[in-house]
Amino acid sequence: MSTTWLISGPPGCGKTSWILNTLRDHPGPCGYLRLKGLSHEGLEQGCDAGIDRTWLQDQIPSLEDLSTPQPSPAAADRINLIELQQFQAPPEEAPEAIDAAIRSQLDTLQLRPDRCLHFGRDPELPGQDTLAFNKLEAWSLSLHNSVWDPNSLSSFWFELVNGAYGDVYRAKALMNLPDGRAFFCNWMVSQQGSQFLPLERVEPPHGRPKRSSELVVQGKALNGIGIQTTIDDCLITDDVLEMHQAPMRDQQPESTLTR
Numbered sequence: 180m181s182t183t184w185l186i187s188g189p190p191g192c193g194k195t196s197w198i199l200n201t202l203r204d205h206p207g208p209c210g211y212l213r214l215k216g217l218s219h220e221g222l223e224q225g226c227d228a229g230i231d232r233t234w235l236q237d238q239i240p241s242l243e244d245l246s247t248p249q250p251s252p253a254a255a256d257r258i259n260l261i262e263l264q265q266f267q268a269p270p271e272e273a274p275e276a277i278d279a280a281i282r283s284q285l286d287t288l289q290l291r292p293d294r295c296l297h298f299g300r301d302p303e304l305p306g307q308d309t310l311a312f313n314k315l316e317a318w319s320l321s322l323h324n325s326v327w328d329p330n331s332l333s334s335f336w337f338e339l340v341n342g343a344y345g346d347v348y349r350a351k352a353l354m355n356l357p358d359g360r361a362f363f364c365n366w367m368v369s370q371q372g373s374q375f376l377p378l379e380r381v382e383p384p385h386g387r388p389k390r391s392s393e394l395v396v397q398g399k400a401l402n403g404i405g406i407q408t409t410i411d412d413c414l415i416t417d418d419v420l421e422m423h424q425a426p427m428r429d430q431q432p433e434s435t436l437t438r
């Protein structure tokens, strides 16, 4: 029968990276879901903007989205990994200890974890980036259809993670560039630097990209207005985007220019 694991932990502990490596190593079919986490007093959940799912599906195109109930029985060699941002470890490892609000989400999707693993509690999970938070704010922004000036993106991200807009502990994003590439941008205060990981899929040079683009930030004293104002100055207009894309279309064979 199929296997379903619930993988939980605080922001930035490495859940998505661990899930990606585990799914890559699995020889059979696999599925993924991120649940809506619970906020606590002084600890605000980051918005589930679909960043993790988009990144994982780009890296593993056959990955199945578990956000809708599955109509047919799962394959015997299938593994489902469910991600949950959770600030505090459950009192027990057993699935019966899952919070009632989380269990309700699972029941709706007909998912029943066989095992629950939590970063900071279970030794088989890496613990170097697992931090305990006593206060955390969250801020997010949808960047759908937006395209960044590459140099401006680099400058903005440096400012963001170095305190220009508040004490940022965690930041992740999907950002589109004029040449059709997109990057998964990932930073955690416990790490030495940021990750800028390219997506495999490159959008064709036919206007603004259709894929997901989001920014999620967690920290203290976040200046959302300042972040938004700077971002507005970093995004390119339709005319500038066309200046980038026109030469790219000229270099493509005619047969590839039609969508």
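Our numbering puts the first residue of the sequence shown at 180, with every later residue one more than the last. All C-beta atoms, glycine included, are put in the ideal place defined by N, C-alpha and C.
Do the CB positions of residue i and residue j come within less than 8 Å of each other?
| i | j | result |
| --- | --- | --- |
| R380 | D237 | yes |
| L263 | I281 | yes |
| G306 | A268 | no |
| S187 | Q249 | no |
| W366 | V326 | no |
| G403 | V347 | no |
CA-CA distance, residue i and residue j?
| i | j | result |
| --- | --- | --- |
| L212 | Q289 | 12 Å |
| A400 | R428 | 45 Å |
| N355 | T201 | 27 Å |
| N313 | R232 | 27 Å |
| V396 | K215 | 16 Å |
| E382 | R360 | 7 Å |
| N324 | N330 | 19 Å |
| L242 | G225 | 23 Å |
| R291 | D358 | 43 Å |
| I406 | F335 | 9 Å |
| G372 | D417 | 32 Å |
| L199 | V419 | 36 Å |
| S196 | F363 | 12 Å |
| L217 | A228 | 15 Å |
Is it buried or exposed for residue i, if we count other Cβ within 10 angstroms and need 16 for buried?
| i | result |
| --- | --- |
| L376 | exposed |
| H297 | buried |
| G193 | buried |
| G191 | buried |
| K351 | buried |
| F337 | exposed |
| G221 | exposed |
Query raised in the report: What are the uninterrupted segments assigned as alpha helix (DSSP H) that are 4 or more residues long and contained completely in the region 240-275, given in chain order?
Result: Counting only runs of 4 or more, we get nothing.
Query raised in the report: Any contact of the region 242-256 with the region 200-217, i.e. 3+ C-beta pairs under 8 Å?
Result: Output reads yes: the region 200-217 touches the region 242-256.
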